[in-house]
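Chemist:
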Amino acid sequence: ITREEIEQMIKVGEASGSLEADEERMIRGVIEFEETRVYEIMVPRTDMVAISSSTPIAQAARTFCECGHSRLPVYETDTDHIVGILHVKDILESLASGRADDPVSYFMRESLFVPESAKISEVFDTMRTKKVHMAIVVDEYGGTAGLVTLEDLLEEIVGEIQDEYDEESLPVVKESENSYLVEGQLNLDDLSEYLSYPFESEEADSVAGFVLALAGRFLEPGEEVRYGPWTIEVVNVEGYRVKLLRFRREEEKEEEVQGS
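For reference, each letter of the sequence shown is one residue, going 16 to 275 in this note's numbering.
1. With 16 as the cutoff for other CB atoms within 10 Å, does E125 come out buried or exposed?
2. Thinking C-alpha only, which one of T246, R241, G237, L227 is nearest Y255?
3. What whole-angstrom Cβ distance do M123 and L101 have, given they're in contact under 8 angstroms?
4. Specify whether the stretch 74–91 and the stretch 133–146 touch according to this definition: at least 3 beta carbon pairs, one from each stretch, less than 8 angstroms apart.
5. Report the option in A115, T159, D117 whose CA atom is closest to the CA atom of T61.
6. Following the continuous alpha helix (DSSP H) through Y209, name the residue where it begins and the one where it ends.
7. For S216, which of helix, strand or coil comes out of DSSP?
8. Would you kindly report the start and end of the unbroken beta strand (DSSP E) that includes K189?
9. Opposite R241 in the DSSP bridges: which residues?
10. What are the residues that DSSP puts in a beta bridge with A150?
11. Could you name the residues of the same chain whose beta carbon sits closer than 7 angstroms to that of M149, not counting the 5 residues immediately before and after it, in chain order?
12. Would you call S191 buried or exposed, if buried means 16 or more other Cβ atoms sit within 10 Å of its Cβ?
13. Name, in chain order, the residues that DSSP records as bridge partners for P71.
14. Let me check one thing: in DSSP terms, what residues is G99 bridge-paired to?
15. For E155, which three-state DSSP category applies?
16. If you draw a straight line from the C-alpha of S132 to the C-alpha of T51, how long is it?
17. Tell me, to the nearest whole angstrom, how far the beta carbon of I247 is from that of F233; I am working on the premise that it is less than 8 angstroms.
18. I need the DSSP call for S194, collapsed to helix, strand or coil.
19. V129 and V53 - do their beta-carbons sit closer together than 8 angstroms?
20. Can you tell me whether V188 is buried or exposed? The criterion is at least 16 other CB atoms within 10 Å of its CB, across all chains shown.
21. What whole-angstrom Cβ distance do Y195 and L185 have, given they're in contact under 8 angstroms?
22. Can you list, in chain order, the residues of its chain whose CB lies under 6 angstroms from that of V103, leaving out five sequence neighbours each side?
23. Taking the DSSP output, what are the residues bridged to L260?
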């Protein structure tokens, strides 16, 4: 059976009402799981929470509490040199026995590295085989591009997995009928799906990258660009990173027919 045949079956199921929305999303997720590349879903390096190999485990414990993660990448010098992964449960016994000053390098596990161009289905198989829950994504130059977790991969099939440490955060928030707040790191294809409009770019994968490519320069809060019927306003910037944008769709006016 081909992808096109599956897509047609989904459309028939939608039209007849025999396919629930959750079922449709999961089927599409399975299809895309074979095609999506890891760079499309990874946590980018700039958003990674990582710790130095010389960090005392007492300080590492505070970092775990602050970020809500159970695993953290461990680096030497900088995040381009990841040397291991620290799991919170691996330091608990030592903390309880008074060894709070021991460095995390004593407790870290070996890290798995995957190329950013790898298909997520391949990465999933590798992580499952090696029984690891986090992998470091490496770019074409050997530097750290980001990280991906087993949870990230599973969410591509079943949708967002919420746990007790996750903060409620939606990548697109509808403010009014034609106005939306959008996170800059959202994938451009996902934005097109959310807003039912084809946002396209050969230069960028994220919404922030798309807007910067449109402008041709870095933007400040309050600055705007246009794309089709959309006015896109920069709302929040951290350093050179566009964190939040507002998308406003202008009402399309019907052209008046002039009588002769």
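Cβ atoms here follow ideal geometry from the backbone N, Cα and C, with glycine treated the same way.
Modeler: Straight from the coordinates:
1. By the neighbour-count criterion, in which 16 or more other beta carbons inside 10 Å mark a residue as buried, E125 falls on the exposed side.
2. Closest by alpha carbon: L227.
3. By a beta-carbon distance limit of 8 angstroms, M123 contacts L101. Their separation comes to about 5 angstroms.
4. Contact fails: fewer than three Cβ-Cβ distances are below 8 angstroms.
5. Of the listed residues, the one whose Cα sits closest to T61 is T159.
6. Element bounds for Y209: 203–210.
7. Three-state DSSP puts S216 in coil, outside helix and strand.
8. 187–191 is the extent of the beta strand (DSSP E) around K189.
9. Answer by DSSP bridge pairing, in chain order: T246.
10. BP columns for A150 point to L127, V163.
11. If we look at M149 and ignore the five residues flanking it on each side, its Cβ neighbours are R86, I100, L162, T164.
12. Classification for S191: exposed.
13. Looking at the DSSP assignment, P71 forms a beta bridge with P118.
14. Note: G99 sits in a beta bridge opposite V89.
15. E155 falls in the coil class under three-state DSSP.
16. C-alpha separation (whole angstroms): 9 angstroms.
17. The C-beta separation of I247 from F233 comes to about 15 angstroms, leaving the pair out of contact by the 8 angstroms criterion.
18. When DSSP states are grouped into helix, strand and coil, S194 belongs to the strand group.
19. Yes, Cβ-Cβ distance for V53 and V129 is below 8 angstroms.
20. Burial call: exposed.
21. Incorrect: roughly 10 angstroms between the Cβ atoms, too far for contact.
22. Sequence-distant partners of V103 (beyond 5 residues in either direction) whose C-beta falls short of 6 angstroms from its own C-beta, in its chain, are F79, S85.
23. Looking at the DSSP output, L260 bridges to V197, V249.
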